[in-house]
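In the numbering used here, the protein residues as written are 534 to 1096.
Take a look at the structure:
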């Protein structure tokens, strides 16, 4: 007879076999129903000297004799109950991730010192138990009001009142990725992480908000509040987030209180901003060579000079400029789409800043980031990858240039006040920027490979990680991954990850919503979490309060009462 798990001991079973390379096998206690055991669950193997923090990766049905399987008993029969446990049983595959010397606890425990990579395995018949709250806190840290290092991202499977935390100090040390197929809640996951970073003051964020989902508000996709609107980062942190827009009319129609309209003068666009658009514009490499010829002739005005050319005079101009006629004509045809973008203007408003010029709006963004404010750049109705690729690459190139200068100054002076603020740039549809061809041309490939040498890192958000260059994927420190179905995407997520084969089954069994596999630099071991609900409780945890609550709090302060 199966005992209800809630009324039973936390012991799941005992270790019966295993190896360091392949993981461990546990025989499930017959008091546990196999249907209650879930891939991705966090468990602890109690060895003779060490506790092994492990993850369930597979569940199998076994029998002590093949004869039983050749003549199986009827379901729910007395014979079925007699055979269960001794003759028919479940074998659970475990992947040990960390080991900790037994008896180390309390003030003696230090996460960095005592949590070790697994280099051994427990003895036969070691007890396996469900992880408890103390186990999770020892491994993943604990969020608190007084410190900002750890941020609660969700709960382990079947442990709703326990927190799994990201180590934000380690998270900002590397570029990171958030992946998942369409409809799995990548945007909400990203917003959770960004909110934690904003509250912690660990880094400033520049968000290229392709669908205007992060800054003001957006529609809930699931749950009891489906089709209601949830608060964006500006609503949660009104004094810390700056909303910029390329489409002020769209912002006004949505009642978004934006802080800055971003415009890009035509003569601000450089060849290096156009080169990453080759695939999107279907530009031949010879067209880019022609662009460099024009740049050498006309400096900042190369693009305006090209687009002001009369098509009827193209042959004559090509001969005069020393360019190929077909390439010049193709460049003209393709780049007219850039001039037609509503935020691209003909006016000249630039100021020399070293090797790169800066428009007034980009200078404002840089000043705000340097001052510790976070910037959300909305695209509004300016949809399409052409606009997104152009703007994200153009602005990031200039900001990266400024951060490099700041970092070099800091390295020269070694004064703490000269240290640049860590900057995290969030890009969606990352495979468009970081595919093998584009990664060599866009600034984002440079940033990903620099490993935050100049205090700049990426948060890449994508549903197609297989489209991202393998070298870039291997540089991502932390990966937060919702459900993926495509085998190539699953394989890509585990690029450069040891023990990936055991985790593939776990990733494939995630629920469609509110579940994610977290692994990498900012978490000591891989873990599946049910992510926090992005709603009223989360708003309040971030420090938000309603008008009524704020009024009541101010009234108590005025009256000399405690808040």
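Ideal placement from N, C-alpha and C gives every residue a C-beta, glycine not left out.
Being a predicted model, the structure only gives us computed values, none of them experimental.
### Query
Helix or strand or just coil, what does DSSP make of residue 583?
strand
### Nearest to residue 845 (by Cα), restricted to the options 831, 865 and 685
865
### Task
Would you mind stating whether residue 850 and residue 842 have Cβ atoms separated by less than 7 Å?
yes
### Query
When DSSP labels each residue in this structure, what does residue 934 get in the three-state scheme?
Correct three-state label for residue 934: helix.
### Query
Going by C-alpha distance, which of 1038, 698 and 545 is nearest residue 566?
545
#### Entry: Rounded C-alpha distance that separates residue 922 from residue 944
32 Å
#### Entry: As assigned by DSSP and simplified to three states, the class of residue 906
Looking at residue 906 - three-state DSSP - the assignment turns out to be coil, as it is neither helix nor strand.
### Message
In this structure, how does DSSP classify residue 552 when only helix, strand and coil are distinguished?
### Response
strand
### Query
Do you know whose CA, among 876, 677, 761 and 906, lies nearest residue 772's CA?
The residue with the shortest Cα to Cα distance from residue 772 is 906.
### Query
Closest by CA to residue 901, which one among 551, 877 and 953?
953
### Task
Note down the Cα distance separating residue 873 from residue 917, rounded to an integer number of angstroms.
13 Å
### Query
Nearest-angstrom Cα distance between residue 992 and residue 580?
39 Å
### Task
Could you work out which residue in 984, 909 and 787 is closest to residue 741 when comparing CA atoms only?
When each option's Cα is compared against that of residue 741, the closest is 909.
#### Entry: Interface flag, residue 1040 vs chain D, CB-CB below 7 Å
Of the protein chains in the structure, only one exists, and it is not chain D.
### Straight-line gap, residue 537 to residue 551 (C-alpha atoms, nearest Å)
At residue 537, the pLDDT of 41 sits below 50, so the modelled position is not reliable and the matter cannot be decided from this model.
### Message
Restricting to Cα atoms, I'd like to know which of 708, 836, 695 and 914 is closest to residue 676.
### Response
Residue nearest to residue 676 within the set 708, 836, 695 and 914 is 695 (criterion: CA-CA distance).
### Task
Take residue 558 and list the residues in its own chain whose beta-carbon comes closer than 8 Å to its own, dropping the five residues that flank it on each side.
So the qualifying residues of the chain are 548, 549, 550, 551, 624, 625, 626 and 627.
### Message
Does residue 683 come out as helix, strand or coil in the three-state DSSP assignment?
### Response
In this structure, residue 683 counts as strand in the three-state DSSP scheme.
### Message
Short of 7 Å in beta carbon distance, which residues of its chain neighbour residue 659, apart from the five on each side in sequence? Order them along the chain.
### Response
547, 548, 578, 579 and 580
### Message
Considering only their Cβ atoms, is the gap separating residue 1011 from residue 717 smaller than 7 Å?
### Response
no
### Message
residue 1005 and residue 981 - do their beta-carbons sit closer together than 7 Å?
### Response
yes
### Message
If we require 3 or more residues per run, which beta strand (DSSP E) segments fall completely within the stretch 969 to 1021?
### Response
989 to 995 and 1011 to 1014
### Query
Just curious, the beta strand (DSSP E) that residue 623 is in, first and last residue?
621 to 634 is the span of the beta strand (DSSP E), which, as asked, contains residue 623.
### Query
If you run the structure through DSSP and keep just helix, strand and coil, what is residue 718?
coil
### Query
Is residue 921 near the ligand FMN, in the sense that its beta carbon is under 6 Å from a heavy atom of that ligand?
As for the ligand FMN, it is missing from this structure, which has no ligand bound.
### Residue environment, residue 636, which counts as buried when at least 16 other CB atoms sit within 10 Å
exposed
### Query
Going along the chain, which residues of its own chain have a beta-carbon closer than 8 Å to the beta-carbon of residue 631, five neighbours each way excluded?
585, 586, 648, 649, 650, 651, 672, 1057 and 1058
### residue 764 - DSSP class collapsed to helix/strand/coil
In this structure, DSSP gives residue 764 an extended state, which the three-state scheme calls strand.
### Query
Among 976, 1021, 985 and 977, which has the Cα closest to the Cα of residue 998?
Nearest C-alpha to residue 998: 1021.
### Query
Hey, residue 1042 and residue 1026 are a contact pair by Cβ (cut 8 Å); roughly how many whole angstroms apart?
Actually they are not in contact, since the Cβ atoms of residue 1042 and residue 1026 sit about 14 Å apart, beyond 8 Å.
### residue 725 versus residue 830: straight-line alpha-carbon distance, rounded
Straight-line Cα distance between these residues: approximately 48 Å.
### Message
Please return the same chain residues whose Cβ sits closer than 6 Å to the Cβ of residue 735, not counting the five positions on each side in sequence.
### Response
701 and 705
### Task
Under 6 Å Cβ to Cβ from residue 553, same chain only, skipping five residues before and after it: list those, please.
Excluding positions up to five away in sequence, the list reads 654.
### Message
Measuring straight from C-alpha to C-alpha, what distance separates residue 1083 and residue 770?
### Response
Residue 770 has its alpha-carbon roughly 14 Å from the corresponding atom of residue 1083.
### Task
Compare the Cα-Cα distances from residue 959 to each of 989, 941 and 812 and report the closest residue.
989
### Query
Between the C-alpha atoms of residue 936 and residue 802, what's the straight-line distance to the nearest angstrom?
Rounded to the nearest angstrom, the two C-alpha atoms are 20 Å apart.
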